[in-house]
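For the record, the sequence lines run as chains V and X.
Here this note's numbering = 1-based position in the first sequence + 5.
Here this note's numbering = 1-based position in the second sequence + 1070.
Here the structure comes first, spelled out in C-alpha cells, and everything after it is commentary.
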Amino acid sequence: MIAENTQTQMRKGILEYCVLLIISRGEIYASDIIAELKSAKLLVVEGTLYPLLTRLKNNGLLSYNWVESTSGPPRKYYLLTPEGTAILGQLDHTWQELAYAITTSKKGTDLESETQINLTKS
Amino acid sequence: MKKTLNINIGNSIIHLEEDAYEMLTVYLNEVKHHFAKNADDFEIVTDIENRIAEMFGEILTAQQKQVIDIQDVQSVIAQMGSVKDFESSEEQEEMAGNYHAMPPHDGIKKLYRDTDQAMVAGVCVGLGHYLNIEARWIRLAALISVFIGGSGILIYLIMWIVIPRAESKSEKMAMRGEEANLRGFMNSHLNPLVKQSRGFIAEFFEFLGNFINGTGKMVLKVVATTVVIFGSFILLMLIIGLAGVFGMWDADVYNNFPFSIINEAYFSTMVFAAFIVFLIPILALVLFSIRVAFNGKPINKTLSYGLLMVWLVGVAVSVFYIAKVSAEFKESAEFAQVTELVPHKTIVLAIDKTRFFTKEDSVNYKIDPVNYKGRRILSDGRGPFDQPRNMYLRLEKSENGKMTLSENYSAQGKTFETALKNAQNIHYDFQQVDSVLNFSSALQLVKQANYRGQEVSLALSVPVGTHLKINRDFNSYLNGYNFWDCYENDDQEFSEWVMTDTGLKCLSEHKDADSDH
C-alpha cells in the first residue's frame, strides 16, 4: 500500500513534468501527447490526461487553439504559456536536483556522468 | 440483424448498435459522475467525448464500416480508461485541493429498487439488499401487512415512488454494497445495462403490461376456466328452464303469477325470445372464455355475426311483446258496491283461506270435480311465486250508526272498457256468520284471465262502541295498527279493539291505561 502510494505520487509528479516537456516542443494535440506518453511507458489510459490538461490550463501554464480536423470535431492543440515555460524551467531544475539525489543515493557520488545520460534520454 | 441508434457525440453523428450504446451510456455517466465534483467537469467531459467521437471516426474509417459495435466501445473505453483508472491516478489530487475524484460509492450501500429480481417493482428486494435480509422475509411481511388493514399496499406504492430504481450497473452495485468498477460492465454487457429513466406512471404501466403477460395470463386463464364452467352450467340451466316452462305449459304455469301477466297468445314466443336474449350473451362469453383459457382459435366470423343477428331479433321480439303487454296496463278502471251488514255488539274479523274449487285444483290435487261435492278446498300457496297482495282492508268509523262493507274492485287494461271488464271479472268472497265476518284472503277471477293489476280494496264501517276481535291471520291485511302491542300474551288468537270517536283503539291498551291511573 505504501509502495503503491509512493509510486502513484512519483508517477503523478513526473507525468505533469513530462506533459509540459512534450508540449514545450511545440503546439500539440492531446492524443499525440498520449501517444508520446505511451511510448515513454508513462500513461496507461487517456482519460487521465484530460483532467490534468484542464488543470494545467486553468493554472495558466497552458493555452490551446482550436484546429479544424478532417476526421471529427475540431481539436484542441495545446501550447505553453510564458508562465508555463518559466515553471518548466523550475521543474527542469528540480528534476536535475532529484536525479542527482537519486543517483547519489543509489550508487555513491562517483557515477554522476551516467545520470546525465539518463536525463537526456527522457 | 441488430437495432442501431444514432447519437450525437462531439458534434458527430455516430451509428451505434444498441448494446454498444448502452455500454457507452454507462461509461459516460460514470465519467460524468466521477468528474461531477470537479470545477472543470464540463470541459473535461467534453474533451473526453470529443476524443471518443474521434476514436469512433478512426475505427469506422479504418475498418470500412458504418456502425460501432460493442467491441469497438470496449476498445475505446480500454484506451480512454475506466473511472477506476482515473481514481488510482488521482488518489492524491485531493491533497492539492484542486479537485476530488468522487467515487460514486466505495462499498457504502444505497437504497435502490432492484427491478431485476422484482416481483412487483423491486421494493422488497431493494430493502433486502439494504438491510441485508433475505428478500423473502420482507415480502412475507409486506404480504401480511396487506391482509392486515391493507396499509401495505399504500406503503409499497409510496416506496415505489420515493425509492429510485437501480438503473445503471454502478447503482446496482451500490445497492448491493459492492464497489463499482468498469470490469463489472465489461463482463455483463449482455445484460440490459441501462433502462431508460421513466416516470412512475410509465413504469407502473410497463409493470402492468408485464404482469398481464406473465402472472396475469395465468390468472386470466383461471378466471376464464371458471367462467367456462359456470357459463356452461348457466346455459344448461337455461335450456332446462325453457324445457320446464314449456313442459309445464299445459298445466297451470300460465295461471300463476308472474306468468299470468303475459297473454296466452304471446306466451311461447315471448319466453323463447327472452331465452335467446339471455342465452346468446352467455354463450358468447363461454366461447370467448374457452378461447382465452385454451388458446383456441377465434370464433368463426359467420357464426359470431349469426349469433349477433339472432340475439338482436330476440331483443326486438322481447321488446315488442313487453311493450304490447305493458300497453295492457295503460288504463285503469274500478267500481264499488256497498253491502249493509248486521251490526253486533262484538264482531270478529277472520281470514278465510279457502276458495273456490277450480279446474286447476282438480289437476293439482287429483280430485275429480264431479265426485267432489264440496265447493271449497283449503288454499295452500299461490304458485311458484308469491302473487302480489290483492286484498286491502280499511276499518272506519261509521257515520250513520250502520255497519257497512264497501267493496272496491279495480283492474287495468288496454282501454277503459277492457280494464272495467277485468275488474268485473273479479270475484271476492265475503261472508257474515252472525257476529263473525269471514274475509277471503285473496280475490278470485270468475273466468281465467291475465294478471292486470286486479285488486279489491275493502272499507268496513263500524259504529262507535263496537268491539272488534281481530284474528291473528288478519294482521298482515290491515295496515297502520300496532297489533303486537295489543296482545296480552303471545299465543292469543285474537286482539281486541274498540271503535271510538277518534278511531280504533286497542282494548288491552285501555286496560293498561286504566290500571295506571
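We put the beta carbon where it would ideally sit given N, CA and C, even for glycine.
C-beta neighbour in chain V for residue i, strict 8 Å
| i | result |
| --- | --- |
| residue 1593 of chain X | Here chain X has residues from 1071 to 1587 only, and residue 1593 of chain X is not among them. |
| residue 1076 of chain X | no |
| residue 1113 of chain X | yes |
| residue 1118 of chain X | yes |
| residue 1142 of chain X | no |
| residue 1099 of chain X | no |
| residue 1183 of chain X | no |
| residue 1174 of chain X | Legend: pLDDT at residue 1174 of chain X = 44, less than 50; position of this residue unreliable, value from coordinates given subsequently. Answer no: the Cβ-Cβ gap between residue 1174 of chain X and chain V never drops below 8 Å. |
| residue 1361 of chain X | no |
| residue 1264 of chain X | Reliability fails at residue 1264 of chain X, whose pLDDT of 44 lies under 50, so the model's placement of it is uncertain and no value is given. |
| residue 1258 of chain X | With a pLDDT of 46 at residue 1258 of chain X, under the threshold of 50, the predicted position of this residue should be treated as unreliable, though the coordinate-derived value follows. Taking Cβ atoms only, chain V never reaches closer than 8 Å to residue 1258 of chain X, which makes this a no. |
| residue 1110 of chain X | yes |
| residue 1121 of chain X | yes |
| residue 1089 of chain X | no |
| residue 1105 of chain X | yes |
Buried versus exposed, by CB contacts within 10 Å (16 or more), residue i
| i | result |
| --- | --- |
| residue 1117 of chain X | buried |
| residue 1184 of chain X | buried |
| residue 1567 of chain X | buried |
| residue 56 of chain V | buried |
| residue 1142 of chain X | buried |
| residue 1087 of chain X | buried |
| residue 1335 of chain X | exposed |
| residue 1081 of chain X | exposed |
| residue 15 of chain V | exposed |
| residue 1524 of chain X | buried |
| residue 1415 of chain X | exposed |
Span separating the alpha-carbon of residue i from that of residue j
| i | j | result |
| --- | --- | --- |
| residue 1153 of chain X | residue 1101 of chain X | 6 Å |
| residue 1191 of chain X | residue 1302 of chain X | 38 Å |
| residue 1292 of chain X | residue 1363 of chain X | 7 Å |
| residue 1044 of chain X | residue 1110 of chain X | Because chain X in this structure spans residues 1071 to 1587, residue 1044 of chain X falls outside the shown range and cannot be described. |
| residue 1528 of chain X | residue 1220 of chain X | 58 Å |
| residue 1123 of chain X | residue 1108 of chain X | 22 Å |
| residue 1543 of chain X | residue 1575 of chain X | 19 Å |
| residue 109 of chain V | residue 84 of chain V | 35 Å |
| residue 1498 of chain X | residue 1310 of chain X | 37 Å |
| residue 1091 of chain X | residue 1375 of chain X | 51 Å |
| residue 1390 of chain X | residue 1378 of chain X | 18 Å |
| residue 1493 of chain X | residue 1521 of chain X | 11 Å |
| residue 1136 of chain X | residue 40 of chain V | 26 Å |
| residue 1121 of chain X | residue 1213 of chain X | 52 Å |
Cβ-heavy atom distance, residue i to the ligand FAD, below 7 Å
| i | result |
| --- | --- |
| residue 1564 of chain X | Ligands displayed in this structure: none; no statement on the ligand FAD is therefore possible. |
Cβ of residue i within 8 Å of any chain X Cβ
| i | result |
| --- | --- |
| residue 82 of chain V | no |
| residue 55 of chain V | yes |
| residue 32 of chain V | no |
| residue 11 of chain V | no |
| residue 50 of chain V | yes |
| residue 104 of chain V | no |
| residue 63 of chain V | yes |
| residue 99 of chain V | no |
| residue 68 of chain V | no |
| residue 44 of chain V | no |
Top-ranked residue by Cα proximity to residue i, from the options
| i | options | result |
| --- | --- | --- |
| residue 1071 of chain X | X:1089, X:1541, X:1395 and X:1405 | X:1089 |
| residue 1404 of chain X | X:1286, X:1572 and X:1491 | X:1491 |
| residue 1422 of chain X | X:1501, X:1486 and X:1401 | X:1501 |
| residue 1298 of chain X | X:1354, X:1548, X:1309 and X:1417 | X:1354 |
| residue 36 of chain V | V:80, V:64 and V:13 | V:80 |
| residue 1308 of chain X | X:1414, X:1125, X:1337 and X:1351 | X:1351 |
| residue 91 of chain V | V:45, V:107, V:70 and V:66 | V:66 |
| residue 1397 of chain X | X:1484, X:1410 and X:1361 | X:1484 |
| residue 1235 of chain X | X:1507, X:1273 and X:1288 | X:1273 |
| residue 1536 of chain X | X:1413, X:1276 and X:1315 | X:1413 |
Same chain, Cβ closer than 7 Å to residue i, five either side skipped, listed in chain order
| i | result |
| --- | --- |
| residue 1115 of chain X | 1101, 1102 and 1105 |
| residue 1367 of chain X | none |
| residue 11 of chain V | none |
Residues near residue i in its chain [Cβ-Cβ closer than 6 Å; skip 5 each side]
| i | result |
| --- | --- |
| residue 1205 of chain X | 1194, 1195 and 1198 |
| residue 1468 of chain X | 1531, 1532 and 1533 |
| residue 1304 of chain X | 1352 |
| residue 1167 of chain X | Because residue 1167 of chain X carries a pLDDT of 38, less than 50, the predicted location of this residue cannot be relied on, and no value is offered for it. |
Beta-carbon proximity list for residue i, same chain, < 8 Å, skipping 5 on both sides
| i | result |
| --- | --- |
| residue 1052 of chain X | Residue 1052 of chain X lies beyond the residue range present for chain X, which begins at 1071 and ends at 1587; the question has no answer from this structure. |
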